[in-house]
Amino acid sequence: MIKPRAALWRFLIAATFSTVLVVVITNAVRQPVDTAAGTSKFTAEFTDVSGLSDGADVRVRGVRVGKVNSIDLKHTEDGSSVAQVAFTMDNRYTLVPESRLAVKFQALTGLRYVDVEHPGETRNVAGSMKNVSTSMTHPSFDITVLFNGLQPVLATLSPDEINTFTENANLFLQGDERGLGPMLDSIRTLTGYVANRQQVVQTLVQNLATLSDGVHARSDYLFKIFDEIQLPLDQAVSMTDEFRKAQVAGTDFTHTVLRLLAAAGIRPGININRAFDTAITNSYDFLDIFKKTPVFWENIPEPPDEGTPVPCSKGRAQLPETVDVLLNGQRVVLCKK
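In terms of the numbering used here, the sequence shown opens at residue 397 and continues consecutively.
Shown next as structure tokens:
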């Protein structure tokens, strides 16, 4: 049996290990910033910070240099509202009039971060700023605008036509004139499937204009989103045979599992309370076996020593004195039934 002191030491060791593990995991999730050089506080105003949250990263050329502390709604003098973001940044960097701040995607799961372009490389640079207005910031890009803009294309065109249209649209959004003509050909192909062609063209042009404004100076990031969307689709297409196998063998496998569960007593309409009561009662009966085991051993006599005859449990049978029973030349003792 474990002594109380030993149990206490084990508990303390387990609690200490769990605490250290929680701290390590928390720091890994929060991704703390190396503050060896210290940090400074800044505020910036954005017209839209959708997806940005407290604790988000502040990065310079992709390197994490700070964290977002808070996000508040601020009312301006003209009656409109803007989002005021308070954040910290390493003392090696500061904000200058040439700096630009943008809310960018960190992953397709919705994570975003604040990207600082053209920061001041020294703390006491001339013209450093602590507060930044909306004229120096780019708002968050709503990815739903992208999918809404491509909705009529995805709903009508074939996969090959969608790929062609996407490539031409990418060239157009990059400012490459080579994509304008092929994109118009794709629009003409699209309008061949609908009755109100003018409405389709108008919708596509409006959506492309919205996309162009939304991804201004961030077209490379848009292509990264396309690549990340294409990756799971390619993986799903490569697993088509596995889906077919699951469809063919899934019924037999499910029926086998249901039969096993039914044999174990788990079936539709089962009384859960009664099943638990029966299981607990059976466990108690099983434990009673160990309680009765010493009684069984007490009624079993000890084995005789080696070379001595086994005694009769009900005594020897009475035979005449002149009668002996021999078996293979050895004398045999007869016992009572």
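All C-beta atoms in this analysis are idealised placements derived from N, C-alpha and C, irrespective of residue type, glycine included.
Distance from glycine 447 to serine 536 at the Cβ level is roughly 6 Å; contact confirmed, criterion being Cβ atoms closer than 8 Å. Judged by DSSP secondary structure, glutamate 638 falls within the alpha helix (DSSP H) whose first and last residues are 636 to 659. The three-state secondary structure of lysine 733, taken from DSSP, is coil.
Counting only the Cα atoms, serine 529 lies some 21 Å from valine 461. Within the model, the alpha-carbon separation for alanine 498 versus lysine 437 is close to 17 Å. Distance between glutamate 624 and tyrosine 509, taken at the CA atoms: about 18 Å. If you draw a straight line from the Cα of alanine 660 to the Cα of aspartate 684, it comes to about 24 Å. In the assembly as shown, phenylalanine 483 is a buried residue. Its beta-carbon has 16 or more other beta-carbons within 10 Å. Taking 8 Å as the cut-off, the beta carbon of glutamate 513 is found no closer than this to the beta carbon of glutamine 480.
Shown here, isoleucine 467 sits in a strand according to DSSP, grouped into three states. By the Cβ neighbour-count rule, aspartate 630 is exposed, with fewer than 16 other Cβ atoms within 10 Å of its own. Within 10 angstroms of the beta-carbon of methionine 635 lie fewer than 16 other beta-carbons, which makes it exposed.
Nearest in C-alpha terms to histidine 534, of all of Arg640, Gly458, Val445, Val416, is Val445. Using a Cβ distance threshold of 8 Å, isoleucine 467 and aspartate 450 count as a contacting pair. Arginine 488 and threonine 518 have their alpha carbons spaced roughly 5 Å apart. In the structure shown, the three-state DSSP call for arginine 406 is helix. Cβ contact annotation for histidine 471 (same chain, cutoff 7 Å, sequence separation greater than five): Ser477, in chain order. Collapsing the DSSP output to three states places leucine 448 in coil. The residue from Ala675, Phe413, Thr647, Met485 with its alpha-carbon nearest to that of lysine 463 is Met485. In the three-state reduction of the DSSP assignment, valine 528 falls in the strand class. Residue pairing of glutamate 513 in beta bridges, as defined by DSSP: Arg496.
Nearest to aspartate 511 by alpha-carbon distance, out of Leu491, Leu417, Ala645, is Leu491.
Between the beta-carbon of leucine 657 and that of arginine 663 there is about 7 Å, and that keeps the pair under the 8 Å contact cut. Between the C-alpha atoms of phenylalanine 413 and alanine 402 there is a straight-line separation of about 17 Å. For leucine 491, the three-state secondary structure derived from DSSP is strand. Straight-line spacing of the CA atoms in glycine 665 and threonine 650 works out to 18 Å.
Residue environment: phenylalanine 672 is assigned as exposed (fewer than 16 neighbouring CB atoms within 10 Å of its CB, all protein chains considered).
With contacts defined by Cβ atoms closer than 8 Å, threonine 439 and asparagine 527 form a contacting pair. The DSSP-derived three-state label of lysine 710 is coil.
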